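Protein chains in written order, with the numbering used here: chain A, 18 to 414; chain B, 31 to 283.
All residues carry an ideal CB built from backbone N, CA and C; glycine is no exception.
A quick note: this is a predicted structure, and the numbers were derived from the prediction, not measured.
First up is the structure itself, then whatever we jot down about it.
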């Protein structure tokens, strides 16, 4: 009997550990990107804070938040666990990148809220949302829309955001009032919509690109349907939408056409939204390569092997393309030749390790030649791509 | 080690499940794939299960004899052990033999529920992680994202209606009840009783916490387990004591 009980207990512990492993992996962590506005960096942290960081104050080593435009706003959500007793709240997960709307900052959270934040009110530490400062939360009540993964986009006086409930929400910039809600477009929308003139374009997991009227959210007549779902956010260049799909292809779709202009096959998904400049698409792939393709015909101009999955969209800095891999390596790639140089760790104790010793899944930005990257270790890193060196590591917790 | 686990067990299971779901009707796609794969895994492990059931039954049949020995040699532990081993040897039963088939099956079950969780890809990180495990098969890539809806369930969300929790807990209790022999020893009886209720209760609670895809797999597994027990041991086993169980005990004496 003892043997049986021991066996039972050991098996149960094994099962419990495995289950808890599954549970922790299922918990959304968030990978909010960094954006810059007026010399200040805005981002969401892993522990659910929206933060304003002044690079100059960080370089001076001032305590955070300094009086130089820095603040942090913790966003929490009531705990929904059936096993928790009493009232408790947990930090939200943030996936989208904050967007500057005039002097304000807008972002969506995984808890299903859209927030408009006034940096000036945050500097004064006023209660959030401070309506007189133009701040708002949508929905205003305890209700939520589906989890928001993509970033908001601005169309005239409207904010558009995609939600996991499969709808696009259009909100008034000034008060956060609902202007329209689209019909359900798919199972869940985890992407950032793209806007051209008065039309909002949305790609879905079930393989559609929808065109919506920015005025009232009505579906326009053109719909593109692919055999497989789209995984990356769409990018619009001239009249063509570029988007990565689950069949490992990058699609170029001319607006109004029913067939793709071209398709390009990678060795894994094109998860990151591509970058398009001067007739060339630069697409980072989970196969660890960046492909430069001609926008007209999809002809491969060059490819650069970064040696690690590319989850974050590359960015253009001067005449170079900055590529960051998920394992934490940073490369500066020549736009014309496709030859790249990895930025190495100058610290002897870190030799052989990636430049940033943490996973990188979020979008990053550049101020002059300095690239700012938020990693999954909840730190903000700055990398000088001109000098090819890691400048700063700033813990966000 | 993690890479080896993925390469040999997890990846084939995830891709198999997705390939299977791509040929099923879209409305019930993933729910049916979970059930079918559970049945397939159960069928593949039938020889092990049969061995385990036979060993368990043999052990249960020997219980009255062993209890008698305990009474007889209760104070002399060494003698008791020797006599017990002798009885085991005579009956051709290995006392831990009923556990090995169970332990061998365990990694398969863990891989199965890991693949369910991964294929469901309930968060963006999960979807990103899923890309590591997929083969370059067109059918697999076209099956993503899987349809989370099955009957009243959203397989990516916990079922708060309690229906699934009751079904999981109920079937687990039933399966255990069918195999747990009533004991004469009051101590053993209370332990068995506790086990009989603890596991279903815990799994019922887990059902309320986990995405429904996982409890659906538990439910399918329990139902198949009950059916196997029914047909292998020939009936409802110890579900209908006291007469049948008692007769078993008496027969053992």
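Item                                                                                                                             : Value
Alpha-carbon to alpha-carbon, residue 368/A and residue 361/A                                                                    : 8 Å
Where residue 171/B meets chain A, residues with beta-carbon distance less than 8 Å                                              : 245, 263, 264, 265
Spatially closest choice to residue 59/A from 363/A, 78/A, 115/A, by CA coordinates                                              : 115/A
Rounded separation between residue 154/B and residue 222/B - CA only                                                             : 43 Å
Whether residue 285/A touches residue 161/B by CB criterion (8 Å)                                                                : yes
Neighbour flag for residue 41/A against chain B, beta carbons, 8 Å                                                               : Residue placement at residue 41/A is poorly supported in this model, since its pLDDT is 46, which falls under 50; the coordinates are not used for a value here.
Proximity of residue 249/A and residue 290/A at Cβ, strictly below 8 Å                                                           : yes
Inter-residue Cα distance where the pair is residue 199/B and residue 56/B                                                       : 29 Å
Integer-rounded CB distance, given that residue 229/B should sit under 8 Å from residue 206/B                                    : 7 Å
Where residue 196/B falls, given that 16 or more other Cβ within 10 Å makes a residue buried                                     : exposed
Terminal residues of the beta strand (DSSP E) in which residue 320/A lies                                                        : 317 to 322
Classification of residue 177/B by the beta-carbon crowding that lies within 10 angstroms, buried from 16 upward                 : buried
Extent of the continuous alpha helix (DSSP H) to which residue 196/B belongs                                                     : 193 to 209
Where residue 120/B sits in the DSSP three-state scheme                                                                          : helix
Nonlocal neighbours in the same chain, by C-beta distance under 8 Å from residue 34/A, ignoring five residues either side        : A caution first: residue 34/A carries a pLDDT of 49, below 50, which makes its placement in the model unreliable, though a value can still be read off. Once the five neighbours on either side are set aside, residue 34/A has no close Cβ partner at all.
Sub-8 Å separation of residue 92/B and residue 117/B beta-carbons                                                                : yes
Contacting residues, own chain, Cβ-Cβ under 7 Å from residue 96/A (five flanking each side not counted)                          : 105, 106, 107
Inter-residue spacing [alpha-carbon to alpha-carbon] between residue 236/B and residue 140/A                                     : 44 Å
Residue 99/B, DSSP secondary structure in three states                                                                           : helix
Buried or exposed by the 16-neighbour rule on C-beta atoms within 10 Å, applied to residue 67/B                                  : buried
Residue 83/A - DSSP class collapsed to helix/strand/coil                                                                         : coil
Proximal chain B residues relative to residue 303/A, where beta-carbon distance stays under 7 Å                                  : 161
For residue 68/B, three-class secondary structure by DSSP                                                                        : helix
Inter-stretch contact at 8 Å, needing at least 3 Cβ pairs: the segment 386 to 404 of chain A / the segment 134 to 142 of chain B : no
Contact set between residue 166/A and chain B, taken where Cβ atoms lie within less than 8 Å                                     : 154
Beta-carbon proximity list for residue 274/B, same chain, < 7 Å, skipping 5 on both sides                                        : Legend: pLDDT at residue 274/B = 45, less than 50; position of this residue unreliable, no value from coordinates given.
Contact set between the segment 185 to 199 of chain A and chain B, restricted to residues whose Cβ is under 9 Å from the partner : none
Cβ contact check for the segment 156 to 171 of chain B and the segment 286 to 306 of chain A: 3 or more pairs under 8 Å          : yes
C-alpha distance - residue 113/A paired with residue 213/A, whole-angstrom precision                                             : 20 Å
Chain D residues whose Cβ lies nearer than 7 Å to that of residue 57/B                                                           : Looking for chain D here will not work: the only protein chains present are A and B.
Short CB-CB distance (under 8 Å) between residue 38/B and chain A                                                                : no
Rounded straight-line distance, which links the Cα of residue 129/A to that of residue 64/A                                      : 16 Å
Neighbour-count burial assignment, residue 41/A, 16 or more Cβ in a 10 Å radius                                                  : Because the pLDDT at residue 41/A is just 46, under 50, the model does not fix this residue reliably, and the value given afterwards should be weighed accordingly. That one is exposed.
The alpha helix (DSSP H) enclosing residue 73/A, as first and last residue numbers                                               : 72 to 77
Nearest-angstrom beta carbon gap, residue 325/A and residue 344/A [assumed within contact, 8 Å]                                  : 4 Å
Distance, residue 83/B Cα to residue 226/B Cα                                                                                    : 18 Å
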